[in-house]
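Remember, the working numbering sits 113 above the position in the sequence shown when you count from 1. In this text, a Cβ means the ideal position worked out from N, Cα and C, and glycines have one as well. Keep in mind the model is a prediction, meaning the values are calculated, not measured. Only one structure is covered here, and it is reproduced in the block below.
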Amino acid sequence: AAQLADLADVYVNDAFGAAHRAHASTHAVATMMPSAGGLLLDREIEALEPIRRGEAGKLGFISGGAKVSDKLGLLERIAEISEVIAIGGAMANTFLLARGLPTGASLLEQDMVEAANEITATAHDEQCELLIPGDCVIARGADEPPRAKPLVFTEEEIPEDWQILDVGPTTVETFAEAIKDCDTVVWNGPLGLFEREAFSGGTRAMAEALAKLEDATTVICGGETAAAVAQFRLTNKMSHVSTGGGAALEYLQGLDLPGIAVLPEAAADVDEEDD
Numbered sequence: 114a115a116q117l118a119d120l121a122d123v124y125v126n127d128a129f130g131a132a133h134r135a136h137a138s139t140h141a142v143a144t145m146m147p148s149a150g151g152l153l154l155d156r157e158i159e160a161l162e163p164i165r166r167g168e169a170g171k172l173g174f175i176s177g178g179a180k181v182s183d184k185l186g187l188l189e190r191i192a193e194i195s196e197v198i199a200i201g202g203a204m205a206n207t208f209l210l211a212r213g214l215p216t217g218a219s220l221l222e223q224d225m226v227e228a229a230n231e232i233t234a235t236a237h238d239e240q241c242e243l244l245i246p247g248d249c250v251i252a253r254g255a256d257e258p259p260r261a262k263p264l265v266f267t268e269e270e271i272p273e274d275w276q277i278l279d280v281g282p283t284t285v286e287t288f289a290e291a292i293k294d295c296d297t298v299v300w301n302g303p304l305g306l307f308e309r310e311a312f313s314g315g316t317r318a319m320a321e322a323l324a325k326l327e328d329a330t331t332v333i334c335g336g337e338t339a340a341a342v343a344q345f346r347l348t349n350k351m352s353h354v355s356t357g358g359g360a361a362l363e364y365l366q367g368l369d370l371p372g373i374a375v376l377p378e379a380a381a382d383v384d385e386e387d388d
């Protein structure tokens, strides 16, 4: 850090995506010289701060991706401030298992079943509607073609050697209906294996649903979700696409990010909040 400080007179941090790391280049150097946040950092905070404080109006949160364990703290916090949480992606399989539904050979976290139940209970106590898939696209594997007809959980069980690789069309319709009156919608994590065309339908349809929300603020968090929105050419239809994955999630959870907390203006903001 001292070597970096010797190279310049002023330090500006504009790397929001690395702000949750206490590195020499994001934290220590800022303590050794006049420091400030850059314009991108300001835009990120401006977009995320109302959500973090629970002041974003009626909030909808769409959570996908692979693991409940990666988002446990965030989901617990979001359940306290959201009107609706819609869960898709592989992490939804853990919630399906927690509700006693067969998941075949799908990717899931057996040791997170109790955590899924606790999040569900928190959402119930906070009067937050928590939605999980009602239908899904299944296949014998990611390299195999999907079954022509989506599987509906209330009508049949998934075969033991098949995998859930995308949410079904009815699920997307349910999610879209639930968020249509929200003031703010945050989306983190794709709803299926969107990199494969056969399993991209759910993520594409969800992105299109968000793009049609004329009166809502739509916030995209996470590299995969941003990549999916870009793949479907809908980036310009979103209010804010965050450059941070882990940084954005930790910030929304209410954690202090070392790369931001060390900056003078951030410290001043914290003092104002305490007052």
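Among the residues of its own chain, which have a CB less than 6 angstroms from the CB of residue i, if the five just before and after it don't count?
{"i": "Gly359", "result": "His133"}
{"i": "Asp387", "result": "Confidence at Asp387 is low in this model, with a pLDDT of 45, below 50, so the placement of that residue should be treated as unreliable; the coordinate-derived value is given next. Closer than 6 angstroms at the Cβ level, and outside the excluded window around Asp387, lies no residue."}
{"i": "Gly173", "result": "Val197, Ile292, Cys295 and Val298"}
{"i": "Ala141", "result": "Ala114"}
{"i": "Ala339", "result": "Ile333 and Val354"}
{"i": "Leu347", "result": "Ala320 and Ala324"}
{"i": "Gly315", "result": "Asp279, Val280, Val285, Leu304 and Gly305"}
How is the beta strand (DSSP E) around residue i delimited, first residue to last?
{"i": "Phe174", "result": "Leu172 to Ser176"}
{"i": "Ile198", "result": "Val197 to Ile200"}
{"i": "Glu242", "result": "Glu242 to Leu244"}
Taking 7 angstroms as the limit between beta carbons, can you name the residues of its chain near residue i, skipping five residues before and five after?
{"i": "Arg165", "result": "Tyr364, Leu365 and Gly367"}
{"i": "Ala229", "result": "Val181, Thr207, Phe208 and Ala211"}
{"i": "Gly254", "result": "Gln276"}
{"i": "Ala137", "result": "Ala114 and Leu117"}
{"i": "Val226", "result": "Thr207, Leu210 and Ala211"}
{"i": "Asp382", "result": "Summary for Asp382: the model assigns pLDDT 46, below 50, so the residue's position carries little reliability, and this model does not support an answer."}
Answer yes or no: do residue i and residue j have a C-beta to C-beta separation smaller than 8 angstroms?
{"i": "Gly202", "j": "Gly302", "result": "yes"}
{"i": "Leu306", "j": "Asp279", "result": "yes"}
{"i": "Leu210", "j": "Leu221", "result": "yes"}
{"i": "Ala169", "j": "Thr331", "result": "no"}
{"i": "Trp300", "j": "Ile277", "result": "no"}
{"i": "Thr139", "j": "Asn126", "result": "yes"}
{"i": "Val285", "j": "Ala318", "result": "yes"}
{"i": "Pro377", "j": "Phe312", "result": "no"}
{"i": "Gly167", "j": "Ile373", "result": "no"}
{"i": "Leu244", "j": "Ile200", "result": "yes"}
{"i": "Ile175", "j": "Phe288", "result": "yes"}
Check the DSSP bridge columns for residue i and list the partner residues they point to.
{"i": "His353", "result": "Val332"}
{"i": "Cys249", "result": "Leu264 and Val280"}
{"i": "Tyr364", "result": "DSSP, once it has assigned bridges, lists no residue as partnering Tyr364."}
{"i": "Ala320", "result": "Looking at the DSSP assignment, Ala320 forms no beta bridge with any residue, so it has no partner."}
{"i": "Trp300", "result": "Ile175 and Ile333"}
{"i": "Gly150", "result": "Asn126"}
Hey, out of the options, whose CA is closest to residue i's CA?
{"i": "Gly177", "options": "Ser195, Phe129, Ala329 and Asn206", "result": "Asn206"}
{"i": "Thr216", "options": "Leu264, Glu157, Asp369 and Leu154", "result": "Leu264"}
{"i": "His237", "options": "Leu304, Ser195 and Glu290", "result": "Ser195"}
{"i": "Ala192", "options": "Pro147, Lys184 and Glu239", "result": "Glu239"}
{"i": "Val118", "options": "Pro147, Ala135, Glu257 and Pro282", "result": "Per the sequence shown, the amino acid found at residue 118 is Ala instead of Val. Per the Cα distances, Pro147."}
{"i": "Thr283", "options": "Leu243, Leu376, Gly247 and Ala234", "result": "Gly247"}
{"i": "Thr356", "options": "Cys249, Phe288, Leu161 and Gln344", "result": "Leu161"}
{"i": "Asp224", "options": "Leu362, Asp183, Glu189 and Ala234", "result": "Asp183"}
{"i": "Glu290", "options": "Asp155, Val123 and Leu326", "result": "Leu326"}
Grab the span of the alpha helix (DSSP H) containing residue i for me, first residue to last.
{"i": "Gly372", "result": "Pro371 to Ala374"}
{"i": "His237", "result": "Val226 to Asp238"}
{"i": "Ala192", "result": "Leu185 to Ile194"}
{"i": "Leu210", "result": "Met204 to Ala211"}
{"i": "Ala118", "result": "Ala115 to Ala118"}
Cβ-heavy atom distance between residue i and the ligand COA below 7 angstroms?
{"i": "Asp279", "result": "This structure lacks the ligand COA; in fact it carries no ligand of any kind."}
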